[in-house]
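Structure, as structure tokens:
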Amino acid sequence: MDIWTILFSILVIIIVYLYYEYRKVKYFEKHGIPHEKPWPLLGNVGETLLKRRTIFQYIQDVYNLNKDAQYVGIYQFSKPVVCIRNPELIKSIAIKNFDHFVNHPVFIDAKTEPLFGNNLISLHDDRWREVRNLLTPAFTSSKMKGMFKLMSNIGENFIDYLIEDSKDGPVEINSKDAFCRYTNDVIATCAFGISINSMKDKDNEFYTLGRKGTKFEGALAMIKMMFIQSFPNLSKLFNIQFIDSKVDRFFQNVVEDTIRTRDEKGITRPDMIQLMMETRANETGPTLSIQEMTSQAFIFFFGGFESSSSLMSFAAHEIAANPEIQKKLQNEIDEMFEKTNEDVTYEAVNGLVYLDAVINEALRCYPILGVLDRVCTKSFELPPTLPGKKPLRLEPGDFIWMPVYPIQRDPIYFDDPDKFNPDRFIKDPKGTLNSPAGLGPRMCIGNRFALLETKVLLVHLVAKCQLKLGKKMIMPLEFSNSMMMSAKGGFWLEIQPRKK
């Protein structure tokens, strides 16, 4: 075959491919659904990839396409995505009609990247149900209570380190980095049985590789994620990977070494690794291989490390920015310490009503993931998006978005939505769509763990320290151009020991 035949064949393939993709971007026009006009090939993600607007500006703009519509349309490259605007319809999809939307869209192929592809977020259908049922006992109230003292000791040591560092005067810290170190140590201890002090040993491998494996910032990470999701076959062809292979090997070795040591020495701990090890005794039920155990442990690390530290960063930022909130929270925590004779207990921390309200308000204002996603697994009919329009039938494989961020900033649902006001959750404790990781049966299994480690950190921080915004903090706060919500320029706090 000569060179011209080869080039002509390639050209024909490209033209056929572009024609096929072009036909798909007529989907919303055909169904009369409000949508942004797509760019060629890039669909509606072009401006975000080129950093003309952040992902959260993009989500807000999509939400604002038509204030009367129950849902609108976007194109992720050429893939149509239905963006649901109506909170009641969202709850119907995620909870009442969950059987039609069991899975998240395929993100990582398990054969190409087993570390991410075999975890609970990526698993589908019956395998997801089996593994979730296996892991659920690791997150009961009794297990949380058992881990609490470990968390509290780490939190107290962490804050004591900050106080020691500020004994000669206030210090300004990168709070996101500091809180990542705290969550790193909590998860290392509670999930892997490894004792680490990441404030003193700043370059420990558990922290540095964990940070590398969970830090998905910038346009390249977004391009990778969307490309893998939209074009899985091309991603396999070009071996495009989301997680660094060094991170994969490290966590695999950690889990293997932990299991081997416990088997050899007869060690038993009330943690996630132990629970997964016990599945090996199942003769008829589902079990987990070493690789699958590693995947579950990693996603637990991922959720607790990145999402929780981001929640802590936003909550501490607002506490520092609002002295009246800080004072009210200090009073509640001081009263708790007085009642418990300085003993921080599981029951006492979970009884802090105003602390709960502060965390809920942080989740409302700053949902770490701006959207929740699902893929249709069973044919489902959406009601008409606007009066006079026809219902839309979703088929298996169709994507939907649930735009948490703009809904929780909509004045229709929240008075004065841009004001950080924890008191609104004293009146209505269940006012958000978002938790640290989801809604309905597919809510993150480690949700209670993430909230508990956040409460523990804030209790010790507010009890012992006075917080002010650091001079490096960009105000008013702007969002960075990353997939997970964060502050442009980072989070900066001025810490000084509190004078009681």
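The numbering of the sequence shown is numbering that gives the first Met the number 0, which starts it at 0 and goes up by one. Beta carbons: idealized from backbone N, C-alpha and C, even for Gly.
### Query
Can the beta-carbon of SER307 be found closer than 8 angstroms to that of THR453?
Here the question's residue 307 lines up with position 308 in the sequence shown. Here the question's residue 453 lines up with position 454 in the sequence shown. Cβ atoms of SER307 and THR453: closer than 8 angstroms.
### Query
Can you name, in chain order, every residue of its own chain whose Cβ lies under 6 angstroms from the Cβ of HIS123, other than the five neighbours on each side?
One-based indexing of the sequence shown puts residue 123 at position 124. If we look at HIS123 and ignore the five residues flanking it on each side, its Cβ neighbours are ASN102.
### Message
Would THR384 and ILE89 be called neighbours here (beta carbons separated by less than 8 angstroms)?
### Response
What you label residue 384 is simply residue 385 of the sequence shown in a count that begins at 1. What you label residue 89 is simply residue 90 of the sequence shown in a count that begins at 1. Contact flag unset, no.
#### Entry: Whole runs of the alpha helix (DSSP H) within the stretch 136-175, excluding any shorter than 4 residues
140-164
### Query
What does a CB cutoff of less than 6 angstroms around TYR160 pick up in its chain, not counting 5 residues either side in sequence?
Within the sequence shown, numbered from 1, the residue matching residue 160 stands at position 161. Hits under 6 angstroms: MET198.
### Query
Could you check where the alpha helix (DSSP H) with GLU380 kicks off and where it finishes?
For this step, residue 380 is matched to residue 381 along the sequence shown. First-last for GLU380: 379-381, but that is the beta strand (DSSP E), not the alpha helix (DSSP H).
### Query
Is GLU46 helix, strand or coil by DSSP?
Residue mapping note: residue 46 aligns to position 47 of the sequence shown, counting from 1. Reduced to three states, the DSSP call for GLU46 is helix.
### Message
Just to confirm the assignment, what range does the beta strand (DSSP E) spanning TYR70 have?
### Response
Locating residue 70 in the sequence shown gives position 71, where the first residue counts as 1. Note, TYR70: beta strand (DSSP E), 70-75.
### Query
How about ALA190 and ILE272: are their beta carbons less than 8 angstroms apart?
Residue mapping note: residue 190 aligns to position 191 of the sequence shown, counting from 1. Residue mapping note: residue 272 aligns to position 273 of the sequence shown, counting from 1. Cβ atoms of ALA190 and ILE272: closer than 8 angstroms.
### Message
Checking 8 angstroms against the spacing of the C-beta atoms, do ILE399 and ILE58 come in under that value?
### Response
Position 400 of the sequence shown, counted from the first residue, corresponds to residue 399. Position 59 of the sequence shown, counted from the first residue, corresponds to residue 58. Their beta carbons are not under 8 angstroms apart, which means ILE399 does not touch ILE58 by this criterion.
### Query
For the candidate residues LEU466, ASP397, PHE379 and SER244, whose alpha-carbon lies nearest to that of VAL105?
The residue given as residue 105 occupies position 106 in the sequence shown. Among LEU466, ASP397, PHE379 and SER244, the Cα nearest to that of VAL105 is on ASP397.
### Assigned secondary structure, GLU493 (DSSP; H/G/I helix, E/B strand, else coil)
Looking up residue 493 in the sequence shown gives position 494. GLU493 falls in the strand class under three-state DSSP.
#### Entry: Close-in-space but distant-in-sequence residues of the same chain around TRP38 (CB under 7 angstroms, 5 per side omitted)
The residue labelled residue 38 in the question sits at position 39 within the sequence shown. Excluding positions up to five away in sequence, the list reads GLY45.
### Task
Measure the alpha-carbon distance for LYS110 versus VAL458 and round it to whole angstroms.
For the purposes of this step, residue 110 is taken as residue 111 along the sequence shown, with counting starting at 1. For the purposes of this step, residue 458 is taken as residue 459 along the sequence shown, with counting starting at 1. Distance between the alpha carbons of LYS110 and VAL458 is about 43 angstroms.
### Task
Name the residue from ARG408, ARG373 and GLY488 whose alpha carbon lies nearest to the alpha carbon of ASP98.
Numbered from 1 along the sequence shown, position 99 holds the residue referred to as residue 98. Ranking ARG408, ARG373 and GLY488 by Cα distance to ASP98 puts ARG373 first.
### Three-way DSSP call (helix, strand, coil) for MET401 in this model
Working through the sequence shown from its first residue, we reach residue 401 at position 402. DSSP places MET401 in strand when its eight states are reduced to three.
### Query
Does DSSP classify ASN102 as helix, strand or coil?
As a working note, residue 102 is residue 103 in the sequence shown. Note: ASN102 maps to strand in three-state DSSP.
### Task
Report the residue from ARG248, PHE304 and LEU492 whose alpha carbon sits nearest the alpha carbon of LEU450.
Numbered from its first residue, the sequence shown carries residue 450 at position 451. The candidate whose alpha carbon is nearest that of LEU450 is PHE304.
### Task
Taking 8 angstroms as the threshold, find out whether the stretch 414-421 comes into contact with the stretch 64-77 through three or more Cβ pairs.
no
#### Entry: Pair within 8 angstroms by beta-carbon distance, GLN251 and ASN118
By 1-based counting over the sequence shown, the position of residue 251 is 252. By 1-based counting over the sequence shown, the position of residue 118 is 119. Not closer than 8 angstroms, so no.
### Query
Which residue or residues does DSSP assign as beta-bridge partners of PRO79?
Taking the first residue of the sequence shown as 1, we reach residue 79 at position 80. According to DSSP, which records beta bridges pairwise, PRO79 is partnered with TYR74.
### Message
Just to check my reading of the structure: SER312 and SER174 have Cβ atoms closer than 8 angstroms, yes? What is that Cβ distance to the nearest angstrom?
### Response
On the sequence shown, position 313 is the one that residue 312 refers to. On the sequence shown, position 175 is the one that residue 174 refers to. 5 angstroms between Cβ atoms; contact.
### Query
Cβ of PRO169 within 8 angstroms of Cβ of GLU493?
Locating residue 169 in the sequence shown gives position 170, counting from the first residue. Locating residue 493 in the sequence shown gives position 494, counting from the first residue. Their beta carbons are under 8 angstroms apart, which means PRO169 touches GLU493 by this criterion.
#### Entry: Nearest to ASP60 (by Cα), restricted to the options LEU49, LEU41, HIS34 and LEU40
Taking the first residue of the sequence shown as position 1, residue 60 is located at position 61. With distances taken between Cα atoms, ASP60 lies closest to HIS34.
### Query
Which residues share a DSSP beta bridge with LEU351?
Taking the first residue of the sequence shown as 1, we reach residue 351 at position 352. Looking at the DSSP assignment, LEU351 forms no beta bridge with any residue, so it has no partner.
### Query
Okay, do the stretch 461-477 and the stretch 328-343 touch, 3+ Cβ pairs below 8 angstroms being the bar?
yes
### Message
Quick check on the burial criterion: 16 or more other C-beta atoms within 10 angstroms. Buried or exposed for ALA486?
### Response
Taking the sequence shown and counting its residues from 1, the one referred to as residue 486 is at position 487. Buried is the call here.
### Message
To the nearest angstrom, how far is the alpha carbon of ARG52 from that of PRO386?
### Response
Translated into the one-based positions of the sequence shown, residue 52 becomes position 53. Translated into the one-based positions of the sequence shown, residue 386 becomes position 387. So the two alpha carbons sit approximately 32 angstroms from each other.
### Query
By the 10 Å Cβ neighbour count, where 16 or more other Cβ atoms means buried, how is GLY284 classified, buried or exposed?
Start at 1 with the first residue of the sequence shown, and residue 284 comes out as number 285. With fewer than 16 other Cβ atoms within 10 Å, it is exposed.
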